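Heads up: the sequence shown runs through residues 2 to 223, numbered per this note's numbering.
Working notes, structure below.
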Amino acid sequence: MDDESTFHLDPPPAVRRSSLPRLALIADGFTEAGRADRTVEAVRAGVPWVHLRDHAVRKEAFAKAARELTGRLCRATSGVLMSINSRTGVAEALGMGLHTGRYGPTPGVARERLPPDALVGVSTHGRDEAEAARGAADYFFFSPVFPTASKPGHPGAGLKALRDFCRAFPALPVLALGGVTPERTAACLDAGAHGVAVLSGILHADAPTDATRAYLKALPSE
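This is the structure we're talking about:
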């Protein structure tokens, strides 16, 4: 297998902010075979945007798994958008965008290291974090909107907080994250979200294909 520094994919075409997909799958723990298989299944079912995330493994293992899964996803469908979570070097090597937040570089540092047309996103929990990223970010994740198992004891920010956040940053797409089910998707869109980001709703579903289709049905088709 090629070293990370010599393995490159053709960079995807620049993605305009206004045309970002409305459904993003956070493939957390994708380095595990079962999670990778579920990610491929979801993409075959129509997931248009995948975020590769695993904070628990070393850089080399992450890069190897990212190369392998990227190849599988490209063979599964054409046109799927892929982003790397936190690992700037892997994003550079694979010609992908970077999603950053608590574990990654600042958006400004990411912007300096990546090509000018690279997609840079930021996870936020409130306006202060987003203000710090203004000018460097192409989009935001806002979380958690609803209670979620990944943040036990957190009641969720709620739809009003999501609405206020979207109004504060009207120029940037905001994807709602955290406890967002297909049934709650319409309320997030009504609050101003461009779309939704999902982890357990698809990866932990009994049938990832059916779950993916339920989210897609709840979102605008354009």
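Just so you know, even glycine gets a beta-carbon here, dropped at the ideal spot from N, CA and C.
All values reported here derive from a predicted model rather than from experimental measurement.
| Check | Outcome |
| --- | --- |
| Which value, in whole angstroms, describes the spacing of the CA atoms of A66 and H205? | 20 Å |
| Look up F31 in the DSSP assignment and say whether it is helix, strand or coil. | coil |
| Enumerate in chain order the residues of its own chain whose CB-to-CB distance from R23 is below 6 Å, with the five nearest sequence positions on each side excluded. | G196, L220 |
| Using a threshold of 8 Å, state whether the C-beta atoms of L99 and P145 are closer than that. | no |
| Suppose you measure from the CA of D211 to the CA of A46; what does that come to, to the nearest Å? | 8 Å |
| Identify every residue that forms a DSSP beta bridge with V146. | Answer by DSSP bridge pairing: none, since V146 is not bridged. |
| Which same chain residues end up closer than 6 Å to P183 when comparing Cβ atoms and leaving out the 5 residues on each side of it in sequence? | A215, Y216, A219 |
| Quick one: grab the DSSP three-state call for V199. | strand |
| Just to confirm the assignment, what range does the alpha helix (DSSP H) spanning T107 have? | No alpha helix (DSSP H) contains T107, which DSSP labels as neither H nor E. |
| By the 10 Å Cβ neighbour count, where 16 or more other Cβ atoms means buried, how is A111 classified, buried or exposed? | buried |
| Nearest CA to the CA of A37: which residue from L21, A92, G72? | G72 |
| Just mark E113 as buried or exposed, buried being the case when its beta carbon has 16 or more other beta carbons within 10 Å. | exposed |
| Quick check on P171: buried or exposed, where buried means 16 or more other Cβ atoms within 10 Å of its Cβ? | exposed |
| Could you give the distance in angstroms between the alpha-carbon of A92 and the alpha-carbon of V58? | 16 Å |
| Shortest alpha-carbon distance to D118 belongs to which of M97, G102, T101, G105? | M97 |
| Over the uninterrupted beta strand (DSSP E) stretch that includes V48, give me the two end residues. | No beta strand (DSSP E) holds V48; DSSP gives it neither H nor E. |
| Buried or exposed for S6, please, with buried defined as at least 16 other CB atoms from any protein chain shown within 10 angstroms of its CB. | Since pLDDT at S6 reaches only 36, below the 50 mark, its modelled position is unreliable, and the value read off the structure follows with that caveat. S6 should be labelled exposed. |
| Measuring only the C-alpha atoms, how far is T78 from D191? | 30 Å |
| Could you tell me which of G127, L82, T149, P108 sits nearest to R88, measuring between CA atoms? | P108 |
| CA-CA distance, A187 and L160? | 11 Å |
| Look up R59 in the DSSP assignment and say whether it is helix, strand or coil. | coil |
| Can you give me the start and stop residues for the alpha helix (DSSP H) that V91 sits inside? | 89 to 95 |
| Using the rule of at least 16 other Cβ atoms within 10 Å of the residue's Cβ for burial, across every protein chain shown, is R168 buried or exposed? | exposed |
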